[in-house]
Every structure is written in C-alpha cells, then in structure tokens.
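Have a look at the structure below, then the notes.
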Ligand SMILES: [Zn+2]
C-alpha cells in the first residue's frame, strides 16, 4: 500500500483552549508516492485515487504530501501519482530522496540527500516556496546537538520550513494486516459466489 495511507499527521493550532474558536488543521501524508507492501488486488494508483476522492468528498483543506524521490525513480505509475496529487491541488514537500534516518547518517550525506530530492520535486511543485517545506524522515532530527545544529542551520540557510508533527497515528502499522484481511475477504466472497453459481447451474 502507498504509505500515503500510512502516515497521516495532523498539525493543530489552537488559539485558545478555553474557547471554541475555529481550529486550523493541516493534514499531511508522508512517503509519497508509495511505500510499504503492495496490495495484490489494488494498484498504487487506485489507492491514491481513493485517498484523493475521500479528501475531496470531505472538503479537507490544506493538504501536504512529503515525497521521497527514491520511491518514484524510474516508476511511471508512481510519477503519475505525483502528477495526480498536484492536479487535485495538493502540495508536495521534501522528505529526503532516500528516507534517511539522521541518527544513522552524517549531516553531509543527509544534506546531499535533501538536495537530490529537490531534483525530482522541482518537476512537480508550483513554486520554490512549496519546494522548501521539509519533514525529517522518521521524525529524527539527529542524536547529537552538533548534528542537529548542522542540519538545522543548513535548512535555515536554504529557507526551508520544517513541518512538525502534532499527532501521528502510526497507521502504517496496519498495512500488513489490512492487506491480509482484505485479500482473505475477497477470496471468501469469490468462493461463495462460485459455490452459489455451481449449485444454481447443477441439474436438478
Ligand atoms: Zn517518512
């Protein structure tokens, strides 16, 4: 499944906890255009279309997808998903090319990977400010102050805005179970239909 369906993150901005003022919410999806195990009966593009149609049906406002170039490189269906995402007015941000974990990577390698991702993103974003939204993979900002400082100062120098996360459902954890149950259900339905058809067709 596309990890699009996997990591939904909401960013909240509450103006006053005591009042019922309108609440500003940004819905973001990580690891676009697709990640995780593939459903044997549903294509990645079908998953993307379904997600987009649900978001539109419920008139969800500002939506961002954080993209990894390595998940799309040389894969036409996945590049089409990115185009589809943009065609529906959703935004795209940088999530590094290879989804690197900064605790296991040097700052220079990490920075190089951010820049490598820009070369894919540039073909899809509407403008440079859109290109300059960034989310750390695994939400890891580095295990030492030195490393954190090196990457943060690079991002600031390049006018990147870091998208923090307020709520993370870790829904990617459900991918394998969802695929397993969904396939099982389809097979069960088919067998029941087949049995019914055979019974109906058999001479009385
Ligand atoms: Zn991610």
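Residue numbers (the numbering used here): 207 to 410. Note that the Cβ used here is the ideal one computed from N, Cα and C, for glycine as well. From a predicted model like this one, the values you see are computed outputs, not experimental measurements.
Quick check on residue i: does DSSP put it in helix, strand or coil?
| i | result |
| --- | --- |
| residue 383 | helix |
| residue 223 | With a pLDDT of only 46 at residue 223, under 50, the local geometry of the prediction cannot be trusted, and the value read off the model is given with reservation. Note: residue 223 maps to coil in three-state DSSP. |
| residue 265 | coil |
| residue 330 | coil |
| residue 303 | coil |
| residue 278 | coil |
| residue 407 | helix |
| residue 347 | coil |
| residue 209 | The predicted model places residue 209 with a pLDDT of 49, which falls under 50 and marks its position as unreliable, so this point remains unresolved. |
| residue 362 | helix |
Go to residue i, then tell me how far its beta strand (DSSP E) extends in each direction, as first and last residue.
| i | result |
| --- | --- |
| residue 234 | 230-238 |
| residue 300 | 297-300 |
| residue 270 | 269-273 |
If you draw a straight line from the C-alpha of residue i to the C-alpha of residue j, how long is it?
| i | j | result |
| --- | --- | --- |
| residue 272 | residue 241 | 12 Å |
| residue 382 | residue 394 | 18 Å |
| residue 290 | residue 257 | 11 Å |
| residue 340 | residue 369 | 6 Å |
| residue 281 | residue 405 | 45 Å |
| residue 234 | residue 391 | 30 Å |
| residue 347 | residue 318 | 16 Å |
| residue 351 | residue 359 | 12 Å |
| residue 337 | residue 396 | 46 Å |
| residue 212 | residue 349 | For residue 212, the predicted model reports a pLDDT of 40, less than 50, meaning its position is unreliable and no value from the coordinates is stated. |
Verify whether the separation of the beta carbon atoms of residue i and residue j is less than 7 Å.
| i | j | result |
| --- | --- | --- |
| residue 327 | residue 300 | yes |
| residue 307 | residue 344 | yes |
| residue 287 | residue 263 | no |
| residue 323 | residue 309 | no |
| residue 227 | residue 274 | no |
| residue 284 | residue 239 | yes |
| residue 331 | residue 361 | no |
| residue 316 | residue 371 | no |
| residue 353 | residue 313 | yes |
| residue 276 | residue 243 | no |
Which residue or residues does DSSP assign as beta-bridge partners of residue i?
| i | result |
| --- | --- |
| residue 339 | 367 |
Specify, as a first and last residue, the run of the alpha helix (DSSP H) that residue i falls within.
| i | result |
| --- | --- |
| residue 248 | Neither: residue 248 is in no alpha helix (DSSP H) and is coded neither H nor E. |
| residue 318 | 313-327 |
| residue 288 | 282-293 |
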